[in-house]
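Asker: Here the working numbering = 1-based position in the sequence shown + 1429.
Don't be surprised by glycine CBs; every beta carbon is placed ideally from N, CA and C.
Sharing a structure, written as structure tokens. Questions coming.
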Amino acid sequence: MQKTTSYSNARTFNLILTSMLIALVFVATIFLNIKLPITANGGLVHLGTAMLFIASILFGPKKGAIAGAVGMGLFDLISGWTLWAPFTILTRGLQGYIVGKIAWSKGRNGSSNGFNLFATIISVPVMLAGYYICEWVLFSSWIAPAASIPGNIVQNVVGICVAIPVCTVLKKIPFFK
């Protein structure tokens, strides 16, 4: 009976933690965003990317992937970007998984700033490619999607500049070690 209770408590804690990470990504995306005036589809810079990076670095690839995919997918569904939601779910889920997988590789558990930075940088081309393909499908053009690349790069650079220092500070707290 003791094992069942312990297992149940761990599952409940993981469910609550994952739900909170989804909510944090969603809130950071919906309330802290700026539409870039580059082109009609020039992009949206938001702190949801930073929260995706933070979730992946602090809690690993699974929670990072779920938080990014569901949090930003929900944003797309309720804010008029509904056509983008399937691509966002796939792209941001993969981005979160890549960041977490690299940051947590070889037992590091997100504790190496160098690997955390490397992980976030490596995930950027995946996000760019995912949204490029999305726009190619939506606009039936290989040229039109190029206009959103600068905005997506800015979004990721802002996310990296916020996430790495935040994770460095949070990793000093015993809960995140």
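#1: Are the beta-carbon atoms of F1544 and A1532 separated by less than 7 Å?
#2: Closest to I1551 by CA distance: which of I1518, F1482 and L1487 is it?
#3: Let me know the secondary structure DSSP gives N1462 once reduced to three states.
#4: Nearest by alpha-carbon distance to G1522: which of T1478, S1541, E1564 and L1487 is it?
#5: Any idea which residues DSSP pairs L1473 with across the strands?
#6: How about T1520 and M1556: are their beta carbons less than 7 Å apart?
#7: In or out: G1493 buried (at least 16 other Cβ within 10 Å) or exposed?
#8: Do you know whose CA, among R1440, S1541 and A1452, lies nearest K1601's CA?
#9: Using the Cα positions of F1442 and L1546, report the straight-line distance between them to the nearest angstrom.
#10: Can you tell me whether P1554 is buried or exposed? The criterion is at least 16 other CB atoms within 10 Å of its CB, across all chains shown.
#11: If V1583 sits next to V1474, beta carbons under 8 Å apart, how far is it from one beta carbon to the other, in whole angstroms?
#12: R1440 by DSSP, collapsed to three states: which one?
#13: Using the C-alpha atoms, what's the distance from G1525 back to K1535?
#14: Can you tell me whether L1476 is buried or exposed? The criterion is at least 16 other CB atoms within 10 Å of its CB, across all chains shown.
Answerer: So, from the listed chains and residues:
#1: yes
#2: F1482
#3: strand
#4: T1478
#5: K1464
#6: yes
#7: buried
#8: S1541
#9: 28 Å
#10: exposed
#11: 6 Å
#12: helix
#13: 18 Å
#14: buried
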